[in-house]
Amino acid sequence: MTIDTLFDKRFYLSVIMELKSRRIVNYDLTEYPVRKFVKQRIKLISEENQGKKMLIYDNALQFTSY
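At position 23 of the sequence shown the residue is numbered 22 (numbering that gives the first Met the number 0), and the sequence of numbers has no breaks.
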């Protein structure tokens with residue numbers, strides 16, 4: 000999801016949600032959604048949720064470049 004500001008800045012919102020409860024587990028904003036950012040988010044969530052077995056993602060193009 001993108002968020003455009005009044006000052007012509009664009010931010011990208013990364014949301015991690017638990018499907019069963021639809022509860023937002025984690026979110027983060029970034030100006031530069033590079034692969035390193037995505038890997039860092041996944042690593043953090045994996046460490047916090049040791050008992051979980053699956054991660055479903057949508058492969059949004061803005062989070063897969065670089």
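For each residue, glycine too, the CB sits at the ideal point set by N, CA and C.
Everything numeric in this text was worked out from a predicted model, so none of it was measured.
If you draw a straight line from the alpha carbon of residue i to that of residue j, how long is it in whole angstroms?
| i | j | result |
| --- | --- | --- |
| residue 25 | residue 16 | 7 Å |
| residue 11 | residue 18 | 21 Å |
| residue 22 | residue 45 | 16 Å |
| residue 35 | residue 20 | 28 Å |
| residue 14 | residue 27 | 7 Å |
Among the residues of its own chain, which have a CB less than 6 Å from the CB of residue i, if the five just before and after it don't count?
| i | result |
| --- | --- |
| residue 0 | 12 |
Please classify residue i: does DSSP put it in a helix, a strand, or coil?
| i | result |
| --- | --- |
| residue 47 | helix |
| residue 9 | strand |
Note down, in chain order, each residue of its chain lying with its Cβ closer than 7 Å to the Cβ of residue i, except the 5 sequence neighbours on either side.
| i | result |
| --- | --- |
| residue 3 | 9 |
Could you pull out every residue in the same chain whose Cβ sits closer than 8 Å to the Cβ of residue i, ignoring the five residues on either side in sequence?
| i | result |
| --- | --- |
| residue 43 | 25 |
Can you say whether residue i is buried or exposed, counting buried as having 16 or more other CB atoms within 10 angstroms of its CB?
| i | result |
| --- | --- |
| residue 37 | buried |
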